[in-house]
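To keep things clear, I will list the structure first and then write my remarks on it.
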Amino acid sequence: MMIYMLAAAMTLAMLIATAFALHQEAHRMRTKVQTARVRLPGWRDPRLPR
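Sequential numbering from 758 applies to the sequence shown in the working numbering.
Here's what the structure looks like:
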C-alpha cells in the first residue's frame, strides 16, 4: 500500500513540475515576443548581420 502512495505522490509532483515548467516557458516566450516588437529609433537590431 505504501508503494502506491509513493507512486501517486511522485506522479502528482511530476504533474505540478510539468505545469510549472510550461508556465515558465510560456512567460519566456511572451517576454521574447514583446521585446522583439520594440523598435526604438536609433537602435540597431542585434539579429541583423553587420
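Ideal placement from N, C-alpha and C gives every residue a C-beta, glycine not left out.
Problem set entry | Nonlocal neighbours in the same chain, by C-beta distance under 8 Å from residue 771, ignoring five residues either side | Taken in chain order, the list of residues that qualify is empty.
Exercise. Helix, strand or coil: which one does DSSP assign to residue 762?
Worked result: Of the three classes helix, strand and coil, the one that applies to residue 762 here is helix, per DSSP.
Problem set entry | Heavy atom of the ligand NAD within 7 Å of residue 768 beta-carbon | This structure simply doesn't include the ligand NAD, nor any ligand for that matter.
Exercise. Would you report the Cα separation of residue 765 and residue 790, rounded to the nearest angstrom?
Worked result: One alpha carbon belongs to residue 765, the other to residue 790, and they sit about 38 Å apart.
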